[in-house]
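Here the sequence shown is numbered in full-length UniProt numbering, starting from 1 and rising by one per residue.
Don't be surprised by glycine CBs; every beta carbon is placed ideally from N, CA and C.
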Amino acid sequence: MEKLLPRFLEYVVVDTQSDPYSKTTPSTEKQLKLAKKLVSELHQIGMQEVSIDQNGYIMATLPSNTDKKVPTIGFIAHMDTTPDFTGKNVKPKVIKDYDGGNIVLNEKKNIVLSPEEFEDLLQYKGQTLITTDGTTLLGADDKAGVAEIITAMEYLLTHPEIKHGKIRVAFTPDEEIGKGAHKFDVEKFGAEWAYTVDGSQIGELEYENFNAASAAIKIKGKSVHPGYAKGKMVNAIGLANEFLSLLPPHEIPEKTSGIEGFFHVYKITGDVESAEIELIVRDHDLEHFEARKNLLSDIEDKLNTKYGDYVSLVIEEQYRNMREKVEPVFHIVEIAEEAMESLGIEPLIKPIRGGTDGSQLSFMGLPCPNIFAGGHNFHGRYEYVPLQSMEKAVQVIVKICELTAIQIR
Ligand SMILES: [Zn+2]
Numbered sequence: 001m002e003k004l005l006p007r008f009l010e011y012v013v014v015d016t017q018s019d020p021y022s023k024t025t026p027s028t029e030k031q032l033k034l035a036k037k038l039v040s041e042l043h044q045i046g047m048q049e050v051s052i053d054q055n056g057y058i059m060a061t062l063p064s065n066t067d068k069k070v071p072t073i074g075f076i077a078h079m080d081t082t083p084d085f086t087g088k089n090v091k092p093k094v095i096k097d098y099d100g101g102n103i104v105l106n107e108k109k110n111i112v113l114s115p116e117e118f119e120d121l122l123q124y125k126g127q128t129l130i131t132t133d134g135t136t137l138l139g140a141d142d143k144a145g146v147a148e149i150i151t152a153m154e155y156l157l158t159h160p161e162i163k164h165g166k167i168r169v170a171f172t173p174d175e176e177i178g179k180g181a182h183k184f185d186v187e188k189f190g191a192e193w194a195y196t197v198d199g200s201q202i203g204e205l206e207y208e209n210f211n212a213a214s215a216a217i218k219i220k221g222k223s224v225h226p227g228y229a230k231g232k233m234v235n236a237i238g239l240a241n242e243f244l245s246l247l248p249p250h251e252i253p254e255k256t257s258g259i260e261g262f263f264h265v266y267k268i269t270g271d272v273e274s275a276e277i278e279l280i281v282r283d284h285d286l287e288h289f290e291a292r293k294n295l296l297s298d299i300e301d302k303l304n305t306k307y308g309d310y311v312s313l314v315i316e317e318q319y320r321n322m323r324e325k326v327e328p329v330f331h332i333v334e335i336a337e338e339a340m341e342s343l344g345i346e347p348l349i350k351p352i353r354g355g356t357d358g359s360q361l362s363f364m365g366l367p368c369p370n371i372f373a374g375g376h377n378f379h380g381r382y383e384y385v386p387l388q389s390m391e392k393a394v395q396v397i398v399k400i401c402e403l404t405a406i407q408i409r
């Protein structure tokens, strides 16, 4: 366990920011720098079948140490950091015995991490916190997960008295640009189920996420001299406005929480001749999700009936709620819950208002709930992670391996 912190500190200083506009996999060459380091480390701690494919996906095996027939399970974390905030020249700070007060991240720039703004900090009084220097993100999302998985495997390798089945681990590129699962070889991974170690605070356990689609509404208009336009002009801006006015005004991100779905219009462009609306549709409930997409089609029909064929809607599916794939094998959630409880951690089970790689993997045949990696304030300069939460994540991974061998079959 003593290698957990140095390992994490070594990973976060490698810039692995992914790039949504890239056409390659991994999206940025620099992710391979960390990948190479991880491959050699997996060899060094004694993992077997260590591989990295041409897309930068790393896989490795911890062989079973029991004669019992135990299902193969897996643990997955991502190597990249978000394109939303810089991950270059990360200079992590280690704050021992946190006193519950303000943490000055950067004196020169007067950047302070304060419990007045981030009250979660107070849960970690007396613990060791790892923070940024205020100028970059930290990358605990998800290098904490990577460090925890490797440390847990090392622990199992040096504690053969803990019996477990075959364990597979994988580290993926490009999760932050929504592509971490795209080129994941589920068959090669060969696990019956897996866990992404990519959640936030200690205790998080997630197996529900949004159903998600994006929609583009293209509107054509007809430009005529405004002085002589009566009965002739069709103003695409006006139609765009009418389209938006027919969406439910309260079902938007800023007015919803929990399992309430929404429409989120994030871009409008246009003039009289043509306009375009871009939006996303989100709902945990599949029926409500379908109804939301139907509403968009109904509005399209309504406007086209009223004015002629000026509006065209294209909906693209993005991801689905993994719950329907996890519920039939619910013991995989129960094992994680029991692992946490046996370590004195209260499981925080809540639906994710977003998606994970695990939701895509679940639909690719690998049911994959998400467990905490321990960090807070992801994707920005106030990101931090308590070392004790990371240690607990290591223990949870070890315990899940142990319980799977005890309970199943
Ligand atoms: Zn993440």
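Closest to R320 by C-alpha separation, out of W193, G354 and Y21, would be which residue?
G354
Of all the options H264, P367 and A339, which has the alpha carbon lying nearest to the alpha carbon of A181?
Comparing C-alpha distances from A181 to each of H264, P367 and A339 shows the shortest one belongs to P367.
Give me every residue whose Cβ sits closer than 5 angstroms to any heavy atom of ligand 1, in chain order.
D141, D142 and D198
Quick one: what does DSSP say V12 is sitting in, helix, strand or coil?
helix
With distances taken from CA atoms, which of P249, K218, E251 and L246 is nearest N235?
With distances taken between CA atoms, N235 lies nearest to K218 out of P249, K218, E251 and L246.
Pull up the distance between the alpha-carbon of G209 and that of G199, whole angstroms please.
Contrary to the premise, residue 209 reads as Asn rather than Gly in this sequence. About 13 angstroms.
Please list, in chain order, all residues of the same chain as V186 whose beta carbon is under 8 angstroms from its beta carbon, the five residues on each side excluded.
Taking C-beta separations shorter than 8 angstroms and ignoring five residues to either side along the sequence, the partners of V186 in its chain run L361, M364, G365 and L366, following chain order.
If you follow the alpha helix (DSSP H) that Q45 is in, where does it begin and where does it stop?
Note that residue 45 corresponds to Ile in the displayed sequence, not to Gln. Unbroken alpha helix (DSSP H) run through I45: Q31 to I45.
Report buried or exposed for F8, applying the criterion of at least 16 other Cβ atoms within 10 angstroms of its Cβ.
Burial of F8 is indicated by the presence of at least 16 other C-beta atoms within 10 angstroms of its C-beta.
Here's the rule I'm using: 16 or more other beta-carbon atoms within 10 Å means buried, otherwise exposed. How should N377 be labelled?
Burial check for N377: the Cβ neighbour count within 10 Å reaches 16 or more, so the residue is buried.
Classify E41: buried if its beta carbon has 16 or more other beta carbons within 10 angstroms, exposed otherwise.
buried
What residue from E206, K220 and F262 has the CA that sits closest to M322's CA?
E206
Straight-line CA distance for M340 to M153?
18 angstroms
Roughly how many angstroms separate the alpha carbons of Y266 and N294, rounded to a whole number?
Their Cα atoms are separated by approximately 20 angstroms.
Using the Cα positions of L121 and P386, report the straight-line distance between them to the nearest angstrom.
Between L121 and P386, the C-alpha separation is close to 9 angstroms.
Can A77 and V146 be called in contact, C-beta distance under 8 angstroms?
yes
Using DSSP's beta-bridge definition, name the partner residues of S214.
I280 and E316
Thinking just about the alpha-carbon of each residue, which of L137, K33 and R282 is nearest to the one in E251?
R282
For T86, which residues of its own chain have a beta-carbon under 8 angstroms away from its beta-carbon, when the five flanking residues on both sides are left out?
Cβ within range, chain order: Q17, T135, T136 and L137.
What does DSSP give as the partner residues of Q17 in its beta bridges?
T81
Nearest CA to the CA of G126: which residue from G101, V14, P173 and F118?
G101
Which residues mark the beginning and the end of the beta strand (DSSP E) in which D198 is found?
That run of the beta strand (DSSP E) goes W193 to G199.
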